[in-house]
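If you read the protein sequences in the order shown, they are chains U and R.
Note that the first sequence covers residues 836 to 1285 in this note's numbering.
Note that the second sequence covers residues 836 to 1285 in this note's numbering.
Heads up, the beta-carbon is just placed ideally off N, CA and C, and yes, glycines get one too.
Number of protein chains: 2
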Amino acid sequence: MATPEFTARTLRRLLTSGVTLRAERLLSKMPAADVGPILADLTQDEIRTVIELLFRQRRAAPVLRELPPEMLPQIFDALADQRIADVLARLEIDDLIELIEWVPEERREEVLSRLPVSRRDELMKAELYPEDSAGRAMTTSFVALDPKMTAQEAIDSIRSLGDENEAVLYLYVVDDQRCLLGVVPIRRLVAAPPHRPVGEIMIRDPVSVRAEADQEEVAALVRRYDLLAIPVLDVDGRMLGVITVDDVIEVITEEATEDMYRLAGLSGEDRVFSPAHTSVRKRLPWMLLNLGTCFLAAWVVGLFERTIQQVVALAVFMPVVAGMAGNGGTQALTVITRGIALGEIEFSTGLRAALKELMVGVSIGVVTGIASALIAYAWHGSPVLGLALFLSMVVAMAVSGLMGAAVPLGLKALKQDPALGSGVIVTTFTDVFAFFAFLGIATLLLDRLV
Amino acid sequence: MATPEFTARTLRRLLTSGVTLRAERLLSKMPAADVGPILADLTQDEIRTVIELLFRQRRAAPVLRELPPEMLPQIFDALADQRIADVLARLEIDDLIELIEWVPEERREEVLSRLPVSRRDELMKAELYPEDSAGRAMTTSFVALDPKMTAQEAIDSIRSLGDENEAVLYLYVVDDQRCLLGVVPIRRLVAAPPHRPVGEIMIRDPVSVRAEADQEEVAALVRRYDLLAIPVLDVDGRMLGVITVDDVIEVITEEATEDMYRLAGLSGEDRVFSPAHTSVRKRLPWMLLNLGTCFLAAWVVGLFERTIQQVVALAVFMPVVAGMAGNGGTQALTVITRGIALGEIEFSTGLRAALKELMVGVSIGVVTGIASALIAYAWHGSPVLGLALFLSMVVAMAVSGLMGAAVPLGLKALKQDPALGSGVIVTTFTDVFAFFAFLGIATLLLDRLV
């Protein structure tokens, strides 16, 4: 397969030499997901032309849908309001609601006003649901059946829909209030005797979600029960829409990225291909916060300046205790936040998990503490320094394990995101505590140290 | 919904009071995925009884399949070899191959010998494919059609299969050599005129993978093209099996966990619910390696003992430079490794990404360096100390950004896992370099510092 840069070069050559027809043909042969990387390599003018060509092929909407959303502002910059509206109007409502967020705020109203009235209404209705909720992520096109309909009638009704809804996998059986009664996998419909009513072949009480449910919850259900789509219901059990597995895969991927990013204090909009100034702007607040916590650690060290003055070797071994405690804390934090995200905490309990991390911290602290003490003794010849290192390592590792578990579990209990903030809280605490433990113990042993 | 602990208690009460029938009914009403968390709360004896009950309901295999594999050893410990073989024999080949790995090595041969011969043959054939390959992850049950078959004939053939294969979503059209010609989504089959040959309604040249392909590649394709299943072919294009989207979701989740875990130096078997001794054993080697790198940093500080002796305040500010550089490195590392995993690097290039991280590092270094210099000046009243802090902050942040990008990109270029090892290399390097930069610059300015 040609690399995106190579295809971009070919495309650019075709465009600049005016061979639009061949450019169009090249584009038409590429799957929507493959066009994205090429756009990243084009100028604004070229982007505009390519979107025009795609629009003629009725493929501009799927191409934009497949782009990492962080690339959208660059694309929208190249397009007129009307063209953006034309493209967005062709999207399913869940995609429309996602993409409209990326239109620069000052142009959003204008773009919205150019959408067909029906789409605008749909959008307004969808936006009534909370952000990241099932109601926003669902598509409203699905096949609803009457329970008295026969299997053959259901098949005929699908046939009459034509080729439009190729993604239909389940059919939903509803009563006259549109309340969900059951679900018929299309495979089961095909295998059923033609005259059997769908009410008899449906799966009753299928897994469903409320429109207000968070998309993480939706993803967890789909993953847990291996579903291909999940129906979305209102308070009264009426069927509103469907969330399909491809959207769920996106959610799962996004949530994993978010967790990793949050542990490192990163914002979602800060990607490999984001311009440097965006990354700087997004990272600075966190780095300044972090600077504050570093100075907190420095202040703790400062409390012991007189001790260090007398035993400079302490400055040498300080990074060992802090480094190890920091790593221990990060390990506990990673296991627990990932465990929470994957629902693994169900297989244990918060208290059990925190105690376990404490014990793991103590055990590793003892082993690495002994190793450190021996190295320090061999290097500086002071058994008391070795003792201070051993003791502080055990205490610091124990506390960092406990904190690495307790902070995300506590945030979760407070209904906060366990990944958000955990990183900085745990690192600060372990750093501060490690310095305090090591230098404090050294100060207590100072008479025998000097 | 009752919590797992509550249900476990109820189940335990039913079991100990011998009301097996009610326990059986309780279990039969629970979806397979919900039984797992309950097993975690039972004794070995109780596990054995529950698995027996599930086995009678023909549900033991799906329950084991839904467990986090790290829990399996505990379950297998409670079961006799024959029972393990009975349960495993009911799994699809891809699940069988995964679960057999978790049977304790000393019992594995015995368990294998008790499998039906046909399953053993299948297993041996599947194990010829490399680990984590498509060949191991595929199921070999799929519906193959002759291109001359009509839509109605295809539907009839599905009907004759009965209710077994509810997951069938695509039908595969193959020639007389079993080479894949095209794919027919079941939805399209239903919508097609009954007498049309499937060869005319199929999608030609569908996305497929070779059996040797890595499962990450499979997941990337499914995510990229929004597929529900992907056909697996041999070298000659013959159809071997299918990988379905629920397996792909597992792969995506696993890979994300693996990346997070690797950045923190954790092994996949170290979970929330793993016993403490397992976690200690798995984490110790990495923590000892880490101890080595901490002592490397300590050794660098040791080189400047005489400088610190003269200006003890340097020991106070050391953690600031190292802490900030460490964080900057982690941020760059997270953006790049996640970008590689998601294929976002396609939207940029390695060189561009590394240069960008360098620039981001310099910019953030300048801002936080100025802030640090001002704080240090206000605190210790030494402008030269502030200058040393500023200069080393800029250099250390620049280098950590560059390294955070270059290390995973370099590992990827060497066809190594970019997440594995990056964490420890980058942290070590940034720590060592930060101390060296700060104390080195301070030593150069020493005359004006004291």
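Nearest candidate by alpha-carbon position, reference R/G1292, set U/L1126, U/A1046 and U/G1034: Only positions 836 to 1285 of chain R appear in the structure, and residue 1292 of chain R is not among them; the question remains open.
Under the three-state DSSP convention, the category U/V854 falls into: coil
Contact set between U/L1101 and chain R, taken where Cβ atoms lie within less than 8 Å: Q1166, T1169 and V1170
Inter-residue spacing [alpha-carbon to alpha-carbon] between R/L1255 and U/V1107: 19 Å
DSSP three-state assignment for R/A915, whether helix, strand or coil: coil
Unbroken beta strand (DSSP E) run spanning U/L1075, endpoints: M1074 to T1079
Pairwise C-alpha distance: R/D1105 and U/G1196: 14 Å
The region 1116-1138 of chain U: positions lying closer than 7 Å to chain R by Cβ: R1118, L1119, M1122, L1123, N1125, L1126, C1129, F1130, A1132, A1133, V1136 and G1137
Boundaries of the alpha helix (DSSP H) in which R/A1055 is found, first to last residue: Q1050 to Y1060
Beta-carbon neighbours of R/I1143, restricted to chain U and to distances below 7 Å: V1147 and A1150
Closest by C-alpha distance to U/L1281, when choosing among U/Q1251, U/L1244 and U/E1140: U/E1140
Simplified DSSP state of R/M836, which is helix, strand or coil: Residue confidence for R/M836 is low, a pLDDT of 47 falling below 50, so the modelled location carries little weight and cannot support an answer.
Burial state of R/A920 (16 or more Cβ within 10 Å): buried
Candidates R/A1167, R/P1041, R/V1234 and R/S1183, of which the one nearest R/P1253 by Cα: R/A1167
Cβ-based contacts, 7 Å cut-off: residues of the region 1188-1207 of chain U near chain R: A1188, K1191, M1194, V1195, S1198, I1199, V1202, T1203, A1206 and S1207
Alpha carbon of R/Q892 to alpha carbon of U/R954, nearest angstrom: 50 Å
Cα-Cα separation, U/G1161 to U/D1266: 7 Å
Under 8 Å between C-beta atoms of R/L902 and R/A895: no
Coil, strand or helix - R/T1184 by DSSP: coil
U/F1182 beta carbon less than 8 Å from that of R/M906: yes
Contacts of U/V1033 in chain R (Cβ-Cβ under 7 Å): The contacting residues do not exist; U/V1033 stays about 14 Å from chain R at best.
Segment contact flag, the region 956-973 of chain U with the region 1041-1049 of chain U, C-beta cutoff 8 Å, min 3 pairs: yes
Partners in chain R for U/I1087, counting only beta-carbon separations shorter than 7 Å: I1084, I1087 and T1088
Residues of its chain near U/L1226, where Cβ-Cβ distance is below 6 Å and the 5 sequence neighbours each way are ignored: I1276
Inside the region 964-1052 of chain U only - beta strand (DSSP E) runs reaching at least 3 residues: 1005-1009 and 1015-1020
Per-residue contacts from R/E957 into chain U (C-beta, under 8 Å): The premise fails here: R/E957 is roughly 22 Å from chain U at the closest Cβ pair, so nothing lies under 8 Å.
Interface positions of the region 1264-1284 of chain R facing chain U (Cβ-Cβ less than 8 Å), listed along the chain: D1266 and F1270
Selected residue, minimal CA-CA separation from U/A1026, among R/R1031, R/L1006 and R/I990: R/I990
Distance CB(R/I1171)-CB(R/A1091) smaller than 8 Å: no
Interface residues of the region 1238-1262 of chain R facing chain U [CB-CB below 7 Å]: none
Min CB distance U/T1092 to chain R below 8 Å: yes
Chain U contacts made by the region 1047-1065 of chain R, where a contact means CB separation under 7 Å: R1058, R1059, Y1060, D1061 and L1063
Nearest-angstrom Cα separation, counted from R/M984 out to R/R1031: 8 Å
U/M1159 at chain R interface by Cβ criterion, 8 Å: yes
Inter-residue spacing [alpha-carbon to alpha-carbon] between U/R1039 and U/G1017: 4 Å
R/M836 at chain U interface by Cβ criterion, 8 Å: Here R/M836 scores only 47 on pLDDT, less than 50, and its place in the model should not be relied on; the value that follows carries that caveat. No, R/M836 does not count as interfacial toward chain U.
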